[in-house]
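Chemist: Please see the structure below; I have some questions.
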Amino acid sequence: MLNIKRNLLSAALASALALQASGAYAQSTGDEGQKKADAVDLDTVTVTGIRRGIESAISVKRDATSIVEAVSAEDIGKLPDVSIAESIARLPGLAAQRVAGRAQVISVRGLSPDFATTLLNGREMVSTGDNRSVEFDQYPSELISGVTVYKTPDAGLVGQGLSGTLDMQTVRPLSYGGRVIAVSGRYQKNSLGEAAGVDPYGNRFNVSFVDKFADDTLGLAIGYSHSDMAKQENQVGLYEPWKDRNDDGTPLDRPGVPAYTFYSDGIKALRRTGNAKRDGVMATVQFRPNNAWTSTLDAFYTKAKEYDTANQLEIHLGGYNGGYDPLYLTDVVTRNGSFASGVAHNVYPLVRGMYNHREDSIKAFGWNNEFAFGDVRLVADVSWSKAVRDETNLENNLQLLPAPQLDSVRLDFAGGNFPRFTPGLDYSDPGKLFLTNTIYGSGYGKTPHVDDELKGFKLALNFPAPEVLGWFSDIDVGANYADRSKDKTQAEGNINLGAQGITAIASDLQYAPVDLGFAGAGRIPAWNVPAAVARYMVFRPTTTESYLIPKQWTVDEEIATLFLRANISTEIGSIPVRGNIGLQGQRVDQSSRSNYWDGSQPVGSRVIPINEGSKYFKLLPSMNLAFELPAENTVRFALARQVARPRVDEMRASMEFGMDTGQGKPGASGGNPHLKPWLADAVDLSWEKYFGNKAYVAAAVFYKDLKTYIYTEKRDGYDFTSQVAEWLKIPANEAQLQAPAQTTGTYTAPFNGSGGSLRGVELTASLPLDLFADALRGFGVVASASFNDSSITIPPDPGTISSVGSAPIMLPGLSKRVYNFTAYYENDGFEVRLNQRKRSDFIGEIGNFNGNRTLRYVKGENVLDAQLGYSFGNDTMFSGLSLFLQASNLTNSRYETYAGSKDRPLETVEWGRSYQIGVNYKF
């Protein structure tokens, strides 16, 4: 495979000198950002509907100097998919992971979302999660006019990622020819139907307004989007880990199960119901009084409110039933060394209600001013964004009384669409189930809170290149400053029974029972969990318990960036060449504040602050060349050094500290505020064949040599000088020591380590079939296939060993094969479209009940969507009106995870099919 061991800066400079030696003639190209804006100017496109969006995206790809992919709206407020994430996931080399049935996070070129950066109108955005990766379903697709994915960076691209940079763009009103008013509405139904008082229906509504005033010197664009969608889910989950032995190597004590058989200690089946509401507003004001000044003010606001309740039947299969008669199993069947089916006796099932309420908001403002002084242009941009997340997690636990009500449950993990279990007792009568101190207690709750704020300022200057540099057309120099602060707090606590003691839940809090027949478990009650907590229980969350102290943290970052980019427009012989060569320098000042608990200190002094950080500087050279060959062929070549900032939650200063008094050795686990970024040298080669702006085929190869990677592991020799000094202040501590106190010890945390290689091949075709025969006019296909591979294997985070095992694992997010296919027909107002997304198995990231991320092996997915529509012609009385019917997840593709082997399932989730009927009207 390709080798990129040479210094990238030397290679880039050598390429520039080769261009100079050719004595080529330079031609001015203008600003890359303005070219992109012109390329997506919807007013210049003469086609409509599906073809309009496709041809606009082809224009963006063709005109770019970097290797990019693009999605463009078919019309204002009309991206081709329900969510922006689904549109992005159809691009070559990109794949989505579904959360709650929606495409939510994006992997680029086989790397997890951690390695990509998301921009809005060229500005980096905050996130509502613990990390940097954006949850795309927070951004209404109706308010986005297009997305450009930069697979290769240039020096002027600030906030670039290692795997790619995704730039979402909103409307620029001065690019439109006149006033546009567009309104659309959708009505949705989920195939899983009504349950627990939640119907399967939802709706979406949006309106957009674009106009120009004052002799076209002032432009205004305003958009509003509202969605109110039902959340419906069926799930079966098994406990992790699947184990075949105890930690000391002895067989598990599971009577009736053959020794050294992999076995899971529990199973649950649940029906999740809820609602997700989101409101989004976008506004852009452009002012261009003359050709020398353009001022653009952007504002974006989105607020989401979600709640859901999982009503579930859960059974501990590991022998813990409250101390009653011991567990044993009969009729046991194994498959490939794993438990497959049998009957578990003397289990004590629970009926549980698990409630989640989450409110998110994102605010973003940006003000861009562009000044022209002859051939010199100055751009000043100031931006601010803030995200806030508030969440509440509550649980109720019920059991049959009087205790014990032990059951025999038939288990079958190998057959059907879901793992199944069938209890012998009846759990459908709410009058026989009681809130009590069950084997899992009466309940537990959490209230996480996240604040993320980012301020930025950018100053850039573009001027013609000196004549002595004849191979360069113009030069960009600039600086960017970004100041980010992310805070997390997480109060938790037991939810205890109130003064009334053990009680059933009253009928006025009960919903209709939910049916767990998909798992063989029958019907169970469903109830209003927060109302039950308020009436019968006491919940006083706190952040002051010793185990909660490290869960509160702040991470601050200041990044100063300088860049120099020389833009190339020349010829080598008769071959036109365009592109750029440049250098970006990043100075990073990062720090984190948190606390740790030392229980040996006096009361009132046991919470000890930590404030640590690091500074570093990175140089990032880059080069992009595009060779314009005859017959509309383009060959692109790119070299770059790329970085991705560490995960924010891994940079926390939090730790759990302790001393081994026998050896006098300190130890801890936590975060690492001294982390350096992921770093890679990358080379890309792409061939593209265009047929005007109507069609293209492309093949690309890439290779990334990751110089560093971030691993969570246990390392010796970590400096605990300050922590040990605090501990030794207590005379009783020093008296316990059986050996002299050491200042270094073992620390389990994220650390920088060696990397490896990542490589891939991407094939793409976007073809209207009338290129081959007039009889196929209106038909077309867009298809891509990506093949990725990596030499990198990583030791799993100790917190995820129960899910993925202790052996090294492949890169999270890496699917070795990703396929996307769209077939469409569009003629005389009729539109038909079929979309398919397919990816092979990968390791995905989910959030667990502890509020931490964990990894799962995820089975490959195959998701099929369809859309049928009709737009009335301009010569009809319904001109501007279009109708459509859309179906998502037609094959009811499930989300399935497993523990190392597919014989050991973890989660099997069904979200059902979703049907939408809608109307658009454009004035």
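Residue numbers 42 to 964, in the working numbering, belong to the letters of the sequence shown in order. Backbone N, C-alpha and C fix where the C-beta goes; we use that ideal spot for every residue, glycine too. Computed from a predicted model, the values in this text were never measured in an experiment.
Contact defined as beta carbons within less than 8 Å: I believe residue 1007 pairs with residue 308. What is the distance between those atoms, to the nearest angstrom?
Modeler: The question about residue 1007 has no answer, for the chain in this structure spans 42 to 964.
Chemist: Return the CA-CA distance between residue 881 and residue 148, expressed in angstroms with no decimal places.
Modeler: For the purposes of this step, residue 881 is taken as residue 840 along the sequence shown, with counting starting at 1. For the purposes of this step, residue 148 is taken as residue 107 along the sequence shown, with counting starting at 1. Computed Cα separation, rounded: 13 Å.
Chemist: I want to check one thing, is the minimum distance from the CB of residue 326 to the heavy atoms of the ligand MN below 7 Å?
Modeler: For the structure depicted, the ligand MN is absent and the ligand set is empty, with no information on it obtainable.
Chemist: Take residue 757 as the anchor and find which of 727, 706, 740 has the nearest alpha-carbon.
Modeler: Here residue 757 refers to the residue found at position 716 when the sequence shown is read from its first residue. Of 727, 706, 740, the residue nearest in Cα terms is 706.
Chemist: Measure the CB-CB distance between residue 553 and residue 238 and report whether it falls below 8 Å.
Modeler: Counting from 1 along the sequence shown, the entry for residue 553 is found at position 512. Counting from 1 along the sequence shown, the entry for residue 238 is found at position 197. Yes, Cβ-Cβ distance for residue 553 and residue 238 is below 8 Å.
Chemist: Is residue 390 near residue 436, with beta carbons less than 8 Å apart?
Modeler: Counting from one through the sequence shown, the residue named residue 390 turns up at place 349. Counting from one through the sequence shown, the residue named residue 436 turns up at place 395. Contact flag unset, no.
Chemist: To the nearest whole angstrom, what separates the beta carbons of residue 450 and residue 373, a pair I think is in contact under 8 Å?
Modeler: Taking the sequence shown and counting its residues from 1, one reaches residue 450 at position 409. Taking the sequence shown and counting its residues from 1, one reaches residue 373 at position 332. At roughly 13 Å, the Cβ-Cβ gap does not stay under 8 Å, so residue 450 and residue 373 are not in contact.
Chemist: Can you check which of these residues, 497, 621, 473, 748, is closest to residue 439 by C-alpha distance?
Modeler: As a first step, residue 439 must be located in the sequence shown, where it is residue number 398. Taking only the C-alpha atoms, the option nearest residue 439 is 473.
Chemist: Is residue 683 helix, strand or coil when you go by DSSP?
Modeler: In the sequence shown, residue 683 corresponds to position 642, counting from 1. Correct three-state label for residue 683: strand.
Chemist: May I have the straight-line CA-CA distance separating residue 768 from residue 753, to the nearest angstrom?
Modeler: What you label residue 768 is simply residue 727 of the sequence shown in a count that begins at 1. What you label residue 753 is simply residue 712 of the sequence shown in a count that begins at 1. Residue 768 and residue 753: Cα-Cα distance of roughly 26 Å.
Chemist: What does a CB cutoff of less than 7 Å around residue 924 pick up in its chain, not counting 5 residues either side in sequence?
Modeler: Taking the first residue of the sequence shown as 1, we reach residue 924 at position 883. Taken in chain order, the residues that qualify are 910, 911, 960.
Chemist: For residue 697 versus residue 837, is the C-beta distance shorter than 8 Å?
Modeler: What you label residue 697 is simply residue 656 of the sequence shown in a count that begins at 1. What you label residue 837 is simply residue 796 of the sequence shown in a count that begins at 1. Not closer than 8 Å, so no.
Chemist: What number of angstroms, rounded off, separates the C-alpha of residue 80 from the C-alpha of residue 731?
Modeler: To locate residue 80, count along the sequence shown from 1; it is residue 39. To locate residue 731, count along the sequence shown from 1; it is residue 690. Residue confidence for residue 80 is low, a pLDDT of 34 falling below 50, so the modelled location carries little weight; the figure read from the coordinates is stated next. The alpha-carbon atoms of residue 80 and residue 731 are separated by roughly 16 Å.
Chemist: To the nearest whole angstrom, what separates the beta carbons of residue 900 and residue 939, a pair I think is in contact under 8 Å?
Modeler: The residue given as residue 900 occupies position 859 in the sequence shown. The residue given as residue 939 occupies position 898 in the sequence shown. At roughly 7 Å, the Cβ-Cβ gap stays under 8 Å, so residue 900 and residue 939 are in contact.
Chemist: Within 10 angstroms of its Cβ, does residue 409 collect 16 or more other Cβ (buried), or is it exposed?
Modeler: Sequence index remark: in the sequence shown, residue 409 carries index 368 (1-based). By the neighbour-count rule (16 or more Cβ atoms within 10 Å), residue 409 is buried.
Chemist: Classify residue 856: buried if its beta carbon has 16 or more other beta carbons within 10 angstroms, exposed otherwise.
Modeler: Taking the first residue of the sequence shown as 1, we reach residue 856 at position 815. With 16 or more Cβ atoms within 10 Å of its Cβ, residue 856 is classed as buried.
Chemist: Nearest CA to the CA of residue 384: which residue from 531, 537, 341, 296?
Modeler: Your numbering for residue 384 matches position 343 in the sequence shown. Nearest C-alpha to residue 384: 296.
Chemist: Return yes when the Cβ of residue 609 is within less than 8 Å of the Cβ of residue 514, no when it is not.
Modeler: Here residue 514 corresponds to residue number 473 of the sequence shown, with the count starting at 1. Here residue 609 corresponds to residue number 568 of the sequence shown, with the count starting at 1. Going by C-beta atoms, residue 514 is nearer than 8 Å to residue 609.
Chemist: Whose CA, out of 198, 169, 256, 125, lies closest to the CA of residue 107?
Modeler: Position 66 of the sequence shown, counted from the first residue, corresponds to residue 107. Answer by Cα proximity: 198.
Chemist: Beta-carbon separation of residue 303 and residue 945 under 8 Å?
Modeler: Position 262 of the sequence shown, counting from 1, holds the residue named residue 303. Position 904 of the sequence shown, counting from 1, holds the residue named residue 945. Yes.
Chemist: To which residues does DSSP link residue 408 through a beta bridge?
Modeler: Stepping through the sequence shown from its first residue, residue 408 is reached at position 367. In DSSP, residue 408 forms a bridge with 338, 423.
Chemist: Taking one C-beta from the region 396 to 410 and one from the region 424 to 431 each time, how about it: are there three or more such pairs within less than 8 Å?
Modeler: At 8 Å Cβ cutoff, the stretches touch.
Chemist: By Cβ distance below 6 Å, which residues in the same chain neighbour residue 957 in space, the five residues on each side in sequence not counted?
Modeler: Residue 957 sits at position 916 when you count from the first residue of the sequence shown. Answer for residue 957: 227, 229, 927, listed in chain order.
Chemist: Who are the near neighbours of residue 812 in its chain, counting only those whose CB is closer than 8 Å to its CB and skipping five residues on each side?
Modeler: Looking up residue 812 in the sequence shown gives position 771. Correct list, in chain order: 732, 735, 736.
Chemist: When the Cα of residue 795 is compared with those of 718, 635, 949, which residue comes out closest?
Modeler: Along the sequence shown, one-based indexing puts residue 795 at 754. If we check each option's Cα against that of residue 795, 718 comes out closest.
Chemist: What separation, rounded to the nearest whole angstrom, lies between the Cα atoms of residue 441 and residue 464?
Modeler: Position 400 of the sequence shown, counted from the start, is the residue given in the question as residue 441. Position 423 of the sequence shown, counted from the start, is the residue given in the question as residue 464. Cα-Cα distance, rounded: 13 Å.
Chemist: With H, G and I counted as helix, E and B as strand and the rest as coil, what does DSSP make of residue 591?
Modeler: The residue you call residue 591 lines up with position 550 of the sequence shown. The answer is helix: DSSP assigns residue 591 an H, G or I state.
Chemist: Look at the alpha carbon of residue 829 and the alpha carbon of residue 174, and state the distance between them as a whole number of angstroms.
Modeler: As a working mapping, residue 829 is identified with position 788 in the sequence shown. As a working mapping, residue 174 is identified with position 133 in the sequence shown. Residue 829 and residue 174: Cα-Cα distance of roughly 21 Å.
Chemist: Can you find the residues in the same chain that come closer than 8 Å, C-beta to C-beta, to residue 69, ignoring five residues on each side of it along the sequence?
Modeler: Here residue 69 is taken as the residue at index 28 of the sequence shown, counted from 1. Note on residue 69: pLDDT 33, under 50, position unreliable in the model; the coordinate value appears next. Only 505, 514, 515, 610 meet the Cβ criterion.
Chemist: Three or more C-beta pairs closer than 8 Å, one from the region 593 to 605 and one from the region 515 to 529: is that the case here?
Modeler: A contact exists between the region 593 to 605 and the region 515 to 529.
Chemist: Could you check whether residue 276 and residue 233 sit closer than 8 Å to each other, using their CB atoms as the reference points?
Modeler: Walking along the sequence shown from the start, residue 233 turns up at place 192. Walking along the sequence shown from the start, residue 276 turns up at place 235. Their beta carbons are not under 8 Å apart, which means residue 233 does not touch residue 276 by this criterion.
Chemist: How should residue 639 be labelled, buried or exposed, when 16 other C-beta atoms within 10 angstroms of its C-beta is the threshold for buried?
Modeler: To locate residue 639, count along the sequence shown from 1; it is residue 598. Residue 639 comes out buried.
Chemist: Taking the alpha-carbon positions, what's the residue 253 to residue 338 distance?
Modeler: Translated into positions along the sequence shown, residue 253 becomes position 212. Translated into positions along the sequence shown, residue 338 becomes position 297. The straight-line gap from Cα to Cα measures roughly 15 Å.
Chemist: Leaving out five residues on either side along the sequence, give the residues of the same chain with a beta carbon under 6 Å from the beta carbon of residue 755.
Modeler: The sequence position of residue 755 within the sequence shown is 714, counting from 1. 787, 789.
Chemist: Note down the Cα distance separating residue 260 from residue 600, rounded to an integer number of angstroms.
Modeler: Start at 1 with the first residue of the sequence shown, and residue 260 comes out as number 219. Start at 1 with the first residue of the sequence shown, and residue 600 comes out as number 559. Taking the straight line joining both Cα atoms gives about 33 Å.
Chemist: Tell me whether residue 908 is buried or exposed, calling it buried when 16 or more other Cβ atoms sit within 10 Å of its Cβ.
Modeler: Looking up residue 908 in the sequence shown gives position 867. With 16 or more other Cβ atoms within 10 Å, it is buried.
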